[in-house]
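The structure appears right after this line, and notes come after that.
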Amino acid sequence: MLTTETKNEILAELAHSETNRMACIESLKIAQRQSGWVSDEELCEVAQLLGLTPDEVDGVATFYNLIRRRPVGRHVILLCASVSCWVMGYAALRAGLAQTLGVEPGQTTPDGRFTVLENQCLGACDHAPVLMIDNDLYRDVDAEKLGDILARYA
Amino acid sequence: MAEFNQQSDPDKRPLTAKVQPDGRPLSLKDCEKAGGYRAVRAMLGGMSPGDVTQRVKDSGLRGRGGAGFPTGSKWSFVPMGDNAPRPKYLVVNADEMEPGTFKDRLLLESDPHQLVEGVIIAAYAIQADIAYIFLRGEYVLAEERLKTALAELRAAGLVGKNILGSGCSLEVHLHTSAGRYICGEETALINALEGRRANPRSKPPFPQVCGLRGKPTIVNNVETLCNLPHILNNGADWFKGLSLTPNGGTKIYGASGKVRRPGLWELPMGTPAREILEEYAGGMRDGMKLRAIIPGGASTDFLLESQLDVPMDFDTVAQAGSRMGTGTMIVLDDQTCPVGMVHNLMRFFAHESCGWCTPCREGLPWVEKILAAMERGEGQPGDLEQLARHVTALGMGLTYCALAPGAMEPLGSGLKLFRDDFERHIRDKRCPWS
Numbered sequence: 130m131l132t133t134e135t136k137n138e139i140l141a142e143l144a145h146s147e148t149n150r151m152a153c154i155e156s157l158k159i160a161q162r163q164s165g166w167v168s169d170e171e172l173c174e175v176a177q178l179l180g181l182t183p184d185e186v187d188g189v190a191t192f193y194n195l196i197r198r199r200p201v202g203r204h205v206i207l208l209c210a211s212v213s214c215w216v217m218g219y220a221a222l223r224a225g226l227a228q229t230l231g232v233e234p235g236q237t238t239p240d241g242r243f244t245v246l247e248n249q250c251l252g253a254c255d256h257a258p259v260l261m262i263d264n265d266l267y268r269d270v271d272a273e274k275l276g277d278i279l280a281r282y283a
Numbered sequence: 002m003a004e005f006n007q008q009s010d011p012d013k014r015p016l017t018a019k020v021q022p023d024g025r026p027l028s029l030k031d032c033e034k035a036g037g038y039r040a041v042r043a044m045l046g047g048m049s050p051g052d053v054t055q056r057v058k059d060s061g062l063r064g065r066g067g068a069g070f071p072t073g074s075k076w077s078f079v080p081m082g083d084n085a086p087r088p089k090y091l092v093v094n095a096d097e098m099e100p101g102t103f104k105d106r107l108l109l110e111s112d113p114h115q116l117v118e119g120v121i122i123a124a125y126a127i128q129a130d131i132a133y134i135f136l137r138g139e140y141v142l143a144e145e146r147l148k149t150a151l152a153e154l155r156a157a158g159l160v161g162k163n164i165l166g167s168g169c170s171l172e173v174h175l176h177t178s179a180g181r182y183i184c185g186e187e188t189a190l191i192n193a194l195e196g197r198r199a200n201p202r203s204k205p206p207f208p209q210v211c212g213l214r215g216k217p218t219i220v221n222n223v224e225t226l227c228n229l230p231h232i233l234n235n236g237a238d239w240f241k242g243l244s245l246t247p248n249g250g251t252k253i254y255g256a257s258g259k260v261r262r263p264g265l266w267e268l269p270m271g272t273p274a275r276e277i278l279e280e281y282a283g284g285m286r287d288g289m290k291l292r293a294i295i296p297g298g299a300s301t302d303f304l305l306e307s308q309l310d311v312p313m314d315f316d317t318v319a320q321a322g323s324r325m326g327t328g329t330m331i332v333l334d335d336q337t338c339p340v341g342m343v344h345n346l347m348r349f350f351a352h353e354s355c356g357w358c359t360p361c362r363e364g365l366p367w368v369e370k371i372l373a374a375m376e377r378g379e380g381q382p383g384d385l386e387q388l389a390r391h392v393t394a395l396g397m398g399l400t401y402c403a404l405a406p407g408a409m410e411p412l413g414s415g416l417k418l419f420r421d422d423f424e425r426h427i428r429d430k431r432c433p434w435s
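Quick mapping for you: the protein sequence lines, in order, are chains D and C. In this text, residue positions in the first sequence follow this note's numbering: the first is 130, and each later residue adds one. In this text, residue positions in the second sequence follow this note's numbering: the first is 2, and each later residue adds one.
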């Protein structure tokens, strides 16, 4: 369920948007900040605030890579899977994550700490391979550095 | 944070002149001391919108998002005058999602004011009332810095109503995307801004006439807009003189892959690929040879080592059988599997197809599956013919937008240039590099 605070944030977004529909993606992103994903119930609440049908909003939500319609862990790891990172060691990094966390991309650790997702090019190709954890970008990452990086996230 | 190691040189490298060694952007006050917003002040003081468009036309500036369409000509399709539909929109394509491309990140993070100055100039030229900066969701540092810059500008009266008392107004909004490569296609981007699925629209009508909310809209790339203050300050001839070839200006080039010093460099337009890779990127790492490059993002044809003397500009790279695209080169070395590289690219395109038209939605995953099987050692006789059929069937004009034809550029050129490697995967029933 959306908190009053989240709803107010969406309403504030609507207030300076040209149309309600134009605030659809931003509203979903605001809703998602609560728990990292958007549940059916929350999606319906967003739709109601926007004056759109739940189907219209879900059509938008499921189109975009960064809107999640399934639960995620407390921290989301976006592993860059695009070409420069692929050349520079994406496979080893993916294997390192699997070994350290015991999960493949698309899965969440049993303790709910991390979800690993593959992401398209993160635009830091001069420091490939890269990954993002929540809003933090890590560059020139290799399997050895993973332990220290992951330890920063409880 | 983007890194940049060239010395500041406003005469030769205008786009990066204000990039600081620590990468932090200048405050509005310091930016103005360094010449920022001088072009906007001069423009509002005495140039007509037509003057601005003419100067940009004269400069020969071409779109830096990859397609290279002349910027001034693009603007000239916008209806002008008192009877033009309102509001008109200027949209910044800051959705840098072309794999291997990281040039706009530098411009956005280290000099957001330069971009906004370009926005104000472009908006004035087409008499836009509202501007949107459409930014990649993953570029969180750029978002923070753009927000700061816009707040400074609102407080100083440089954006908003009646800019500097000129009677011109421009609202500038920042939209952060939720991630989809197709948003780089300008009509898809417009749908995304409208809060819809980012499927491309049918053209015509073109956005210049009927874009965002059905109103005249110009979509320009970040690097394109960043050039505008310098063209206004220094003139069209100066801009042309920066370039080694008739495609004017400088270009932010980049290199990634197994070169010694991957990075970004602002260089004269038309600098040969070999010079960029050897002098600036430091050549290949020890024990490695360069086999080919993708010159400007995932959707450009491979060029072989023997073709590297090509000047990197729009026209010359096209004559060599590829495209300059975004100018950020991805290097294929002799110890990396070309089939695997093409597979990685096709996996990207298959995932990012918006699903609207059948050839793209069905064809790209088919191609991806064939290549995945080949990499696993399960390639079949006839696979190469099947892939070649896709290159033809997903070509320009046969799909709704340029996504699938773009995807076919590295596939088609890969099939030609690395034929032996593809055949060997099928014949030996394994990837020779794994």
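Where a beta carbon is used, it is the ideal one built from N, C-alpha and C, also for glycine.
The residues F207, Q209, V210, in chain order, have a CB closer than 7 Å to that of C:F78 in the same chain once the five nearest residues on each side in sequence are set aside. Using a 10 angstroms sphere on the CB of C:G407, the tally of other CB atoms reaches 16 or more, which defines it as buried. Ranked by how close their Cα comes to the Cα of C:I331, the residues C:A126, C:L265, C:L385, C:D31 have C:L265 in first place. Taking C-alpha positions only, C:K204 is separated from C:C432 by approximately 43 Å.
Residues are counted here when their Cβ sits less than 8 Å from a Cβ of chain C; for the segment 228-261 of chain D these are N248, Q249, C250, L251, G252, A253, C254, D255, H256, A257, M261, given in chain order. Where D:L275 is concerned, the enclosing alpha helix (DSSP H) starts and stops at 272-279.
Residue pairing by DSSP places C:V92 opposite C:Y133, C:V220 in a beta bridge.
Not a single CB atom of chain C sits nearer than 8 Å to the CB of D:C173. The alpha-carbon of C:G326 is positioned some 42 Å away from that of D:K136. Neighbours of D:M151 across chain C, judged by C-beta separation under 8 Å: L194, E195, G196. A straight-line Cα-Cα distance of about 30 Å links C:E145 and D:Q177. Closest by C-alpha distance to D:D271, out of D:A224, D:I206, D:E171, is D:A224. Listed along the chain, the chain D residues whose CB falls inside 7 Å of the CB of C:I277 amount to none; the nearest CB is some 13 Å away. Here the alpha carbons of D:L279 and C:R63 stand approximately 44 Å from one another. For a cut-off of 8 Å, the C-beta gap from C:R181 to D:F192 is around 7 Å, short enough to register as a contact. Taking C-beta separations shorter than 6 Å and ignoring five residues to either side along the sequence, the partners of C:I294 in its chain run L304, M330, V332, following chain order. For C:V173, the uninterrupted beta strand (DSSP E) segment begins and ends at 172-177. For chain C, the residues of the segment 190-201 of chain D that bring a beta carbon within less than 9 Å of one of its beta carbons are A190, T191, F192, Y193, N194, L195, I196, in chain order.
Nearest to D:H204 by C-alpha distance, out of D:E155, D:L260, D:Y219, is D:L260. With a cutoff of 8 Å on beta-carbon distance, D:L275 and D:T229 are scored as near each other. If you draw a straight line from the Cα of D:V245 to the Cα of C:C32, it is about 40 Å long. D:A210 and C:G101 have their C-alpha atoms some 11 Å from each other. Counting every other CB atom within 10 Å of its CB across the protein chains shown gives D:M130 a total below 16, marking it as exposed. With contacts defined as CB atoms closer than 8 Å, C:E195 and D:R150 qualify as a contacting pair. Residue environment analysis places C:R106 among the buried positions, since at least 16 neighbouring C-beta atoms fall within 10 angstroms of its C-beta. The C-alpha of C:I232 lies about 41 Å from the C-alpha of C:H344. For C:M347, the enclosing alpha helix (DSSP H) has its first and last residue at 339-353.
When the Cα atoms are used, C:L395 and D:V186 turn out to be separated by approximately 31 Å. Around the CB of D:Q161, 16 or more other CB atoms lie within 10 Å, so the residue is classed as buried. Annotation for C:M270: L243, S244, L245, T246, N248, G249, G250, T251, K252, M313, D314 place their beta carbon closer than 8 Å to its own, counting only its chain and skipping 5 residues before and after. Taken through DSSP and simplified to helix, strand or coil, D:S156 comes out as helix. Under the criterion of beta carbons closer than 8 Å, C:T337 and D:V216 qualify as touching, at roughly 6 Å.
One finds nothing in chain C with a Cβ atom closer than 7 Å to the Cβ of D:S164; even the nearest lies about 17 Å away. Distances from the alpha-carbon of C:L29 to those of C:G73, C:E97, C:V57, C:K148 put C:K148 closest. For D:G276, the closest Cβ of chain C is not nearer than 8 Å. When secondary structure is reduced to three states using DSSP, C:L243 falls in the coil class, being assigned neither helix nor strand.
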